[in-house]
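Have a look at the structure below, then the notes.
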Amino acid sequence: MNVDCKDIQELIKAKNLKVTPQRIVVLEAIYSLQNHPTAEQIIDFIHQKHPSIAVGTVYKTLDTFVGHGVIRKVLTDEDIMRYDGILEHHHHLYNESNGEIRDYINEELDEMLKTYFEKNGIEGYKINSITLHINGKSINK
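Quick look at the structure:
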């Protein structure tokens, strides 16, 4: 996902957060790395250009971003925390062979799920959103 520095600043401001160089760098890293990076991957990426940014600052910034809805956490089946900078509704395809997580958008599936749960519901539970984590393995064709 290509996002420039100005867009990143506007996104941070829109979430009522102070724009700091560290926050810009962390969000740039998430968008540059794509594919739902781990905190360690984000830190390694940042330290290539900004070795003075503390590891604790990166973790605190990630937590702040999650808490303010700038990014989302994605937990893998191996209990590895990854980060997602795409806020639009989507599902995740988890490749069990290599650990890759891909975004999956399918409006027909979304409508089918919405219709099903509107009709059937879950007793004693109010559904706010539905996001699937689809596990599988790549097949070579």
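Here the sequence shown is numbered in the working numbering, starting from 3 and rising by one per residue.
Beta carbons are placed, not taken as given, at the ideal position from N, Cα and C, and that holds for glycine.
Here the structure is a predicted model, which is why all the values come from computation and not from measurement.
| task | Taking all protein chains shown into account, decide if D6 is buried (16 or more other Cβ within 10 angstroms of its Cβ) or exposed. | result | Under this definition D6 is an exposed residue.
| task | List the DSSP bridge partners of L77. | result | M83
| said: Taking the straight line between their C-alpha atoms, what separation do you get for I82 and P39? | reply: 10 Å
| If you follow the alpha helix (DSSP H) that L115 is part of, which residue opens it and which one closes it? | E109 to N122
| Three-state secondary structure (DSSP) at L29? | helix
| query | Since Y96 is in the beta strand (DSSP E), which residue starts that stretch and which ends it? | reply | Segment H93 to N97, the beta strand (DSSP E) holding Y96.
| request: Return helix, strand or coil for I136, following the three-state DSSP convention. | output: DSSP places I136 in strand when its eight states are reduced to three.
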